[in-house]
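Working notes, beginning with the structure itself.
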Amino acid sequence: MSVSAELSFSELLLRWAADHGRNALPWHPRAGEPADPYRVWVSEIMLQQTQLSTMLPYYHRFVARFPSVRDLALAQESEVLAAWSGLGYYARARNLLAASRAIERAGCMPRSASEWEALPGVGASTAAAIASVTRCERAAVLDGNVRRVFARQVCATEPWGSAALARRLQVEAQARLPLEARQMPAYTQAIMDLGATVCLPRRPVCSRCPVAGSCLAFAREQTGRFPVPADKRARPTRQAWWLLMQHEGQWAFLRRPPQGLWGGLLTLPELASAPPRSLEARRSGHPDLQSVGEIVHDFTHFTLKAAVFRAQPQSQQDVQTLMSDSLADDPSAMVWITPERALQEGLPAPLRRLVVSLGRDE
Ligand code: SF4
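In this note's numbering, each number is its position in the sequence shown, counted from 1, plus 4.
Below is the structure:
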């Protein structure tokens with residue numbers, strides 16, 4: 005019998021992680037020091053929909069700007085959104101702010117996974133990750149990468165995203181936790197690392213996997229069949245037309261209401277319908293509109309396609325004419341600022357890319 009056959013799932017994983025895991029991440033405590041729950045929490049929220057390499061510079065900027073939960077709780081929402089600008093999924097930033105204020109009101113950080121889960125924006129997996137890393141709680145993290153590992157380990161036939169799969173994997177994950185609670189921080193990081201770097205969605209690198217010996221999908225040469233995809237329904241497309249007004253180096257933006265899609269961020273006015281073609285527009289005295297590209301952005305439930313049209317109004321009358329074609333009903337939400345200033349404020353990721361590319365061309 006080989007040595008590895010005698011080791012448990014968690015022991016194999018911990019041995020592998022010592023050499024191959026993503027060790028020494030900025031929120032990991034130094035040897036002998038306790039983990040900082042605030043930093044672990046911020047990192048987990050940022051990693052929810054963002055890859056490690058992308059989130060790292062944002063993480064450094066965020067904790068430099070808001071070094072403690074109190075600093076965050078005292079911040080204006082616009083400051084927090086600005087620090088988050090470019091990361092996307094802005095509900096995460098608003099939830100972080102709301103949760104920091106709840107923590108300040110409570111007077112102490114949450115300790116257990118169930119206490120963390122009571123905060124806005126903290127789901128069961130995130131709560132388990134934080135509590136296991138900061139308090140050695142034997143709670144099983146189950147982010148998307150980890151779910152994929154266990155779905156392959158047991159050849160789970162329940163479709164991805166289903167409640168049945170979630171229930172089954174919770175049991176499987178819990179059964180593989182280390183018996184010793186002190187190993188939980190390293191184990192949680194290790195299983196997340198395995199999913200992120202070895203058990204990859206398309207081509208898992210099973211030859212480097214420390215738990216290949218217990219993997220049913222590997223044994224059956226069926227890694228491509230698991231996880232079983234969710235029932236796919238076509239994601240609808242929503243067509244929009246955005247208006248980019250420019251005048252003497254300043255661009256017109258609208259600040260969204262705090263709630264809803266892109267709440268609190270700056271966006272462009274949206275036209276009610278496709279704009280008139282230039283020639284017809286000039287005949288009718290309408291300010292000219294020039295197509296400058298299209299933004300395509302996938303939301304969870306639909307794909308947004310926004311054709312962007314530039315206008316250079318010469319008078320307040322021109323602005324009013326242009327805005328009369330828009331869906332905006334609150335003129336006080338409009339701000340005229342430079343593109344550089346807009347980039348410092350909260351902009352949705354696709355608009356941010358547009359502002360950067362158009363600003364570069366000018
Ligand atoms: S053996 Fe391959 S499919 Fe199975 S858990 Fe390891 S990397 Fe994933």
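The C-beta atom is built at its ideal place from N, Cα and C for all residues, glycine as well.
Just so we're clear, the structure is a prediction, and the values are computed from it rather than from any experiment.
Distance between beta carbons of residue j and residue i, contact taken as under 8 Å
i: residue 245; j: residue 311; result: 5 Å
i: residue 89; j: residue 356; result: 7 Å
i: residue 268; j: residue 85; result: 5 Å
i: residue 239; j: residue 301; result: Incorrect: roughly 12 Å between the Cβ atoms, too far for contact.
i: residue 276; j: residue 329; result: 6 Å
Contact check, residue i vs residue j, beta carbons under 8 Å
i: residue 198; j: residue 17; result: yes
i: residue 73; j: residue 116; result: no
i: residue 196; j: residue 256; result: no
i: residue 185; j: residue 140; result: yes
i: residue 52; j: residue 130; result: yes
i: residue 67; j: residue 162; result: no
i: residue 317; j: residue 326; result: yes
i: residue 87; j: residue 69; result: yes
i: residue 28; j: residue 190; result: no
i: residue 108; j: residue 77; result: yes
i: residue 296; j: residue 331; result: no
i: residue 322; j: residue 291; result: yes
i: residue 13; j: residue 215; result: yes
i: residue 4; j: residue 165; result: Summary: the structure shown does not reach residue 4, with the chain confined to residues 5 through 366, and so no result is reported for it.
i: residue 349; j: residue 272; result: no
i: residue 144; j: residue 174; result: yes
i: residue 50; j: residue 62; result: yes
i: residue 226; j: residue 341; result: no
i: residue 25; j: residue 193; result: yes
i: residue 152; j: residue 205; result: yes
Same chain only: Cβ atoms within 6 Å of residue i, ignoring 5 sequence neighbours per side
i: residue 283; result: For residue 283, the predicted model reports a pLDDT of 46, less than 50, meaning its position is unreliable; a value from the coordinates is still stated below. There are no such residues.
i: residue 200; result: 149
i: residue 124; result: 99, 102, 103
i: residue 58; result: none
i: residue 262; result: 268
Proximal residues to residue i (C-beta, below 7 Å), its chain only, five neighbours per side dropped
i: residue 230; result: 155, 156, 159, 160, 221
i: residue 359; result: 343, 346, 347, 351
i: residue 48; result: 130, 133, 134
i: residue 44; result: 31, 134, 137, 138
Boundaries (first-last residue) of the beta strand (DSSP E) holding residue i
i: residue 113; result: No beta strand (DSSP E) contains residue 113, which DSSP labels as neither H nor E.
i: residue 302; result: 294-302
i: residue 146; result: Neither: residue 146 is in no beta strand (DSSP E) and is coded neither H nor E.
i: residue 314; result: 307-315
i: residue 339; result: 338-341
Start-to-end residues for the alpha helix (DSSP H) that takes in residue i
i: residue 251; result: Counting along the chain, residue 251 falls outside any alpha helix (DSSP H), though it belongs to the beta strand (DSSP E) covering 241-251.
i: residue 32; result: Counting along the chain, residue 32 falls outside any alpha helix (DSSP H), and DSSP gives it neither H nor E.
i: residue 259; result: Element bounds for residue 259: not the alpha helix (DSSP H) but the beta strand (DSSP E), 254-259.
i: residue 75; result: 73-77
i: residue 58; result: 56-69
i: residue 191; result: 188-201
i: residue 21; result: 13-24
i: residue 231; result: Run containing residue 231: none; DSSP gives neither H nor E here.
i: residue 171; result: 167-179
i: residue 122; result: Element bounds for residue 122: n/a, residue is neither H nor E.
i: residue 94; result: No alpha helix (DSSP H) holds residue 94; DSSP gives it neither H nor E.
i: residue 322; result: 320-328
i: residue 41; result: 41-50
i: residue 84; result: 81-88
i: residue 207; result: No alpha helix (DSSP H) holds residue 207; DSSP gives it neither H nor E.
i: residue 367; result: Missing from the structure shown is residue 367; the chain here goes from 5 to 366 and no further.
i: residue 135; result: 128-139
Own chain partners of residue i with C-beta closer than 8 Å, once the 5 adjacent residues on each side are dropped
i: residue 11; result: 19
i: residue 298; result: 309, 310, 311, 312
i: residue 266; result: 94, 260, 352
Q. If you pair each beta-carbon of the stretch 201-211 with each one of the stretch 121-138, do three or more pairs fall below 8 Å?
A. no
Q. Okay, do the stretch 239-255 and the stretch 173-188 touch, 3+ Cβ pairs below 8 Å being the bar?
A. no
(Q) If contact is defined by three or more beta carbon pairs under 8 Å, each pair taking one atom from either stretch, is the stretch 23-40 in contact with the stretch 107-122? (A) Too few Cβ pairs lie closer than 8 Å, so no.
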